[in-house]
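*Asks:*
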Amino acid sequence: MKIVIVGAGFTGTQLARRLINEKNEVTLIDNNAETVGHASNSLDCSVIPADGNSLETLEAAGIAKADALVCVTSSDEVNMITCSLVDAVYPNVLKIARVRNFAYYMNKEKVHKKQVEFSSEKQRPLYGIDYMIHPDVEAAQAIVHAVESGAVSDVVTFENSEYELTRVVIEKGSKFAGAALMDLRSMTDTPFLISYVESHGFPRLPSGKTVLEEGDFIGVLTKKGDIAKILELTGTEVETIDKIALVGAGKIGTQIAEKLLSNKKQKSFLLRLFGKSKIINSNFAIVDSDKLLAKEAAERFPEAKVFVGDITDENFLYEESLTTYDLVICATHNHELNMVGAAYLESLGVGKTVSLVESAPFAEIARKLGVDVPVPLRDTVVDSILSHLRGKTVTGIHTISSGSLEIIEFAMPIKSKISGKTLQEIANPGTFLVLLIKKAGTENYVIPTGSTSIDVNDQLIIIADADKSKKLMASFGVK
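See below:
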C-alpha cells in the first residue's frame with residue numbers, strides 16, 4: 020500500500036514505523052523543521068517539510084496514486100480540512116483523521132446514523148473522512164474492557180466474541196510451573212489456549228512442547244468469566260471487586276463513568292461485578308482536584324460519590340478511605356500523575372490499579388512500579404488506525420508485548436489459496452497461531468483444533484510476529 024501521513028509527531032512516526040516494517044510505501048508531511056529532522060533521521064521513508072493541507076504538497080507526496088491518507092497533526096481543523104480537500108479531488112483515497120474535539124466526533128456519528136436511517140444508498144462521509152479516531156474514546160473503551168475483566172492484567176477483547184485474552188504471570192508454586200503446554204489441559208475442564216509466552220522480557224509463540232517456568236508471562240485465551248479458574252492454576256490470587264474509585268473527571272474519566280454507570284449494558288455488568296441487587300453510592304467514587312469538574316461529575320452521576328482532592332495527598336486518601344477500595348482507575352490527562360498515583364495507591368493497600376499512560380514504553384515502567392493494568396493511550400490510537408488500513412476484511416488490530424506481537428481479526432476473502440485447508444496443513448510454528456474461528460453461517464467463535472478447516476467467509480482471529488504479519492495476511496489472501 021501507498022500511504023500519505025500528515026503529521027510527524029509521536030503518533031505519525033509510530034504509525035509510519037509500523038507501516039514501513041510491513042513493507043508499505045509511506046510518505047510523511049510536516050511543517051515543523053525539528054519534527055521533520057527527527058523523522059528523516061529515524062525512518063526509512065520520504066519526509067516532506069511543508070503544510071499538509073496544501074493540495075500542491077499532497078500531490079507532490081503522491082496522493083493521486085495513494086491508497087490512504089492519515090491525518091494526525093495536533094490541529095483537528097487541519098486534519099479535517101486536509102481530508103475534505105483530498106475527498107473533493109481524490110474521493111477513492113481512504114481518509115482517516117484523528118480528532119480531539121468531542122463535538123466533531125459526535126457530529127460524524129450522528130450524521131452517519133441519520134444517513135443510515137433516511138437513505139438506503141451509500142452517502143459520502145461527513146467532512147470527507149472515512150474513519151474518525153478520537154483518542155479519548157479509544158482509551159476509555161480500553162480501560163472499560165480492563166475493568167470488565169476484573170483488572171487482573173492486560174486484557175484484549177474481540178468484536179462479537181465471548182472470548183478474551185489475558186496476560187497472566189506464572190507465580191511461585193503455580194501448578195503450571197515446570198509443565199509443558201500439552202499437559203495443561205488435564206489440569207482443568209475449562210477450555211483455554213496459551214497464545215504466547217514471555218520469558219525474561221522476550222515473547223514467543225509457543226508449541227505443545229513449550230515448558231512454562233516461574234515468572235513467565237502467558238497470554239491466556241478464555242471465555243469471559245472463566246479466567247478466574249485459570250488464575251487459580253497460575254497461582255494468582257483472585258480478589259473480589261466491591262468498591263471502585265475513578266480518578267479524573269475530565270473527558271476520558273467522564274466517558275469511563277458513563278460506560279460503567281449510565282449504559283444499561285454496563286449497569287448489568289456492574290451488578291454482576293458487585294454481586295448485589297442494587298448499586299449503592301459508596302461502591303463507585305469519582306475523584307478530581309478540580310472543583311468545577313468534580314461539581315459537573317456530581318451532577319451528571321448522582322449514583323456516584325464524588326470527592327475533591329489530590330491523590331498524592333496521603334491525609335486526603337485516608338480521610339476518604341480511598342486506600343480501602345478494591346480498584347482505582349487513574350485516568351486524568353496527566354499521564355505521569357496517573358502512573359505515579361496508581362503505584363502510590365497500590366503501595367497503600369488498594370487492591371488493583373488501572374492507569375492511563377502515554378505509550379507502551381511507559382506501560383512497561385508502570386508495571387515495574389506495581390501498576391496492575393497500564394493502558395497506553397497512543398498505542399490504542401495507532402492500533403485503531405492500523406485496523407482500517409489492513410483491508411476491508413480486517414476488523415481489528417491489537418498489539419501486545421510492547422508491539423512485538425500482533426493480533427488480527429479478519430474474514431477469509433473469496434480468493435484465497437489456503438481456503439479449504441486445515442490448520443495442520445497450513446501450520447508454521449513460531450510464526451502464527453489461529454486463536455479463534457467462527458465458521459461462516461454460525462454465530463459463535465470457537466477455539467480450533469488442527470483438523471479445523473478454513474473456508475471462505477470464516478471469521479478468524481490470529482496472533483503473529485508483528486514484523487511478519489503483513490506477509491502472513493497476504494498468504495491468507497488479505498490485501
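Residue numbers (our numbering): 20 to 498.
Every residue gets a Cβ at the ideal spot worked out from N, C-alpha and C, and that includes glycine.
A quick note: this is a predicted structure, and the numbers were derived from the prediction, not measured.
Alpha carbon to alpha carbon, how far is G254 from K194? Give it in angstroms, no decimals.
*Replies:* Within the sequence shown, numbered from 1, the residue matching residue 194 stands at position 175. Within the sequence shown, numbered from 1, the residue matching residue 254 stands at position 235. About 7 Å.
*Asks:* Reducing DSSP to helix, strand and coil, say where H219 ends up.
*Replies:* Here the question's residue 219 lines up with position 200 in the sequence shown. If DSSP states are grouped into helix, strand and coil, H219 belongs with coil.
*Asks:* Once you ignore the five residues that flank Y124 on each side, which residues in its own chain have a CB closer than 8 Å to its CB?
*Replies:* The residue you call residue 124 lines up with position 105 of the sequence shown. Contacts found: V118, M151, H153, V156.
*Asks:* Short check: CB of V400 to CB of T101, under 8 Å?
*Replies:* Here residue 400 refers to the residue found at position 381 of the sequence shown. Here residue 101 refers to the residue found at position 82 of the sequence shown. No. Outside cutoff.
*Asks:* Count the C-beta pairs between the stretch 26-46 and the stretch 60-80 that are closer than 8 Å, then say yes if the count reaches three, no if not.
*Replies:* Touching, yes.
*Asks:* Can you tell me the Cβ-Cβ gap for V376 and V347, rounded? I've got them flagged as a contact below 8 Å.
*Replies:* In the sequence shown, residue 376 corresponds to position 357, counting from 1. In the sequence shown, residue 347 corresponds to position 328, counting from 1. Not really, about 15 Å apart at Cβ, beyond 8 Å.
*Asks:* Under three-state DSSP, which class holds Q402?
*Replies:* Stepping through the sequence shown from its first residue, residue 402 is reached at position 383. Per the sequence presented here, residue 402 reads as Asp, with Gln not at that position. DSSP, read as helix, strand or coil, puts D402 in helix.
*Asks:* Decide yes or no for the touch test of the stretch 224-241 against the stretch 178-194: beta carbon pairs closer than 8 Å, at least 3 of them.
*Replies:* yes
*Asks:* With contact counted as at least three CB pairs below 8 Å, one residue from each stretch, are the stretch 80-94 and the stretch 230-237 in contact?
*Replies:* No contact exists between the stretch 80-94 and the stretch 230-237.
*Asks:* Return the first residue and the last residue of the alpha helix (DSSP H) that A158 is part of.
*Replies:* By one-based count along the sequence shown, residue 158 stands at place 139. From DSSP, the alpha helix (DSSP H) with A158 extends over 154-167.
*Asks:* To the nearest angstrom, how far is the alpha carbon of P432 from that of V112?
*Replies:* By 1-based counting over the sequence shown, the position of residue 432 is 413. By 1-based counting over the sequence shown, the position of residue 112 is 93. Answer to the nearest angstrom: the Cα atoms are 21 Å apart.
*Asks:* Note down the Cα distance separating K502 from L145, rounded to an integer number of angstroms.
*Replies:* The requested residue 502 does not occur in the structure, where the chain is confined to residues 20 to 498.
*Asks:* Do you know how far the Cα of R204 is from the Cα of A270?
*Replies:* Looking up residue 270 in the sequence shown gives position 251. Looking up residue 204 in the sequence shown gives position 185. Strictly speaking, residue 270 in this sequence is Lys, with Ala absent from that position. Taking the straight line from one Cα to the other gives about 44 Å.
*Asks:* Can you tell me which of P68, H407, L250, T351 puts its alpha carbon nearest to the alpha carbon of I22?
*Replies:* For the purposes of this step, residue 22 is identified with residue 3 of the sequence shown, where counting begins at 1. Here the closest residue by C-alpha is H407.
*Asks:* Would DSSP call V306 helix, strand or coil?
*Replies:* The sequence position of residue 306 within the sequence shown is 287, counting from 1. Of the three classes helix, strand and coil, the one that applies to V306 here is strand, per DSSP.
*Asks:* Do I249 and V216 come within 8 Å of each other at the CB atom, strictly closer than that value?
*Replies:* Here residue 216 corresponds to residue number 197 of the sequence shown, with the count starting at 1. Here residue 249 corresponds to residue number 230 of the sequence shown, with the count starting at 1. No. Outside cutoff.
*Asks:* Are the stretch 130-139 and the stretch 388-400 in contact at 8 Å, needing three or more beta carbon pairs?
*Replies:* No: the two stretches stay apart, fewer than three of their Cβ pairs being nearer than 8 Å.
*Asks:* Counting along the chain, where does the beta strand (DSSP E) carrying K324 start and finish?
*Replies:* Residue mapping note: residue 324 aligns to position 305 of the sequence shown, counting from 1. Looking at the DSSP string, the run of the beta strand (DSSP E) that includes K324 is 324-327.
*Asks:* Is it a yes or a no for the stretch 210-226 touching the stretch 415-429, going by three-plus beta-carbon pairs under 8 Å?
*Replies:* yes
*Asks:* Determine the extent of the alpha helix (DSSP H) in which Q142 is found, giving its start and end residues.
*Replies:* As a position in the sequence shown, residue 142 is number 123, starting the count at 1. From DSSP, Q142 is part of no alpha helix (DSSP H); its letter is neither H nor E.
*Asks:* If you draw a straight line from the C-alpha of G26 to the C-alpha of K498, how long is it?
*Replies:* Locating residue 26 in the sequence shown gives position 7, where the first residue counts as 1. Locating residue 498 in the sequence shown gives position 479, where the first residue counts as 1. Rounded to whole angstroms, G26 to K498 spans 25 Å at the Cα level.
*Asks:* Y182 lies in the beta strand (DSSP E); which residues open and close that run?
*Replies:* Counting from one through the sequence shown, the residue named residue 182 turns up at place 163. Run containing Y182: 182-188, per the beta strand (DSSP E) assignment.
*Asks:* Would DSSP call A85 helix, strand or coil?
*Replies:* The residue given as residue 85 occupies position 66 in the sequence shown. Coil at A85, not helix or strand.
*Asks:* My understanding is that N43 touches M20, with C-beta atoms under 8 Å, so please give their C-beta distance in whole angstroms.
*Replies:* Here the question's residue 43 lines up with position 24 in the sequence shown. Here the question's residue 20 lines up with position 1 in the sequence shown. Yes, N43 and M20 are in contact; Cβ-Cβ is about 5 Å, under 8 Å.
*Asks:* For Q443, count the other beta carbons within 10 Å of its own beta carbon; 16 or more makes it buried, fewer makes it exposed. Which is it?
*Replies:* For the purposes of this step, residue 443 is taken as the residue at position 424 of the sequence shown. The residue in question, Q443, is exposed, as its Cβ has fewer than 16 Cβ neighbours within 10 Å.
*Asks:* Assuming the contact rule is C-beta atoms closer than 8 Å, L10 and V105 should be a hit. Round their C-beta distance to whole Å, please.
*Replies:* Residue 10 falls outside the range modelled here, since the chain spans only 20 to 498, and no answer is possible.
*Asks:* Does the separation of the CB atoms of A304 and F326 fall below 8 Å?
*Replies:* For the purposes of this step, residue 304 is identified with residue 285 of the sequence shown, where counting begins at 1. For the purposes of this step, residue 326 is identified with residue 307 of the sequence shown, where counting begins at 1. In contact: A304 and F326 (Cβ atoms closer than 8 Å).
*Asks:* Check D49 in the structure and name its three-state DSSP category.
*Replies:* Working through the sequence shown from its first residue, we reach residue 49 at position 30. The answer is strand: DSSP assigns D49 an E or B state.
*Asks:* Exposed or buried, K489, counting other C-beta atoms within 10 Å across all chains shown (16 or more means buried)?
*Replies:* As a working note, residue 489 is residue 470 in the sequence shown. It counts as buried.
*Asks:* Assign V465 to buried or exposed, taking buried as 16 or more other Cβ atoms, counted over all protein chains shown, within 10 Å of its Cβ.
*Replies:* Position 446 of the sequence shown, counted from the start, is the residue given in the question as residue 465. Exposed.
*Asks:* Starting from K242, trace the beta strand (DSSP E) both ways and give me its first and last residue.
*Replies:* Start at 1 with the first residue of the sequence shown, and residue 242 comes out as number 223. From DSSP, the beta strand (DSSP E) with K242 extends over 236-242.
*Asks:* Which partner residues of G415 appear in the DSSP bridge assignment?
*Replies:* Here residue 415 is taken as the residue at index 396 of the sequence shown, counted from 1. Paired residue(s): E428.
*Asks:* First and last residue of the alpha helix (DSSP H) that includes R386?
*Replies:* Your numbering for residue 386 matches position 367 in the sequence shown. From DSSP, the alpha helix (DSSP H) with R386 extends over 379-388.
*Asks:* Work out the CA separation of N334 and I427 for me, nearest whole Å.
*Replies:* As a first step, residue 427 must be located in the sequence shown, where it is residue number 408. As a first step, residue 334 must be located in the sequence shown, where it is residue number 315. Computed Cα separation, rounded: 46 Å.
*Asks:* Cutting at 6 Å between CB atoms, please list the residues of its own chain near M492, excluding the five before and the five after it.
*Replies:* On the sequence shown, position 473 is the one that residue 492 refers to. Closer than 6 Å at Cβ, skipping near neighbours: no residue.
*Asks:* Drop a sphere of 10 angstroms on the beta-carbon of Q142, count the other beta-carbons inside from all chains shown, and report buried for 16 or more, exposed for fewer.
*Replies:* Walking along the sequence shown from the start, residue 142 turns up at place 123. That one is exposed.
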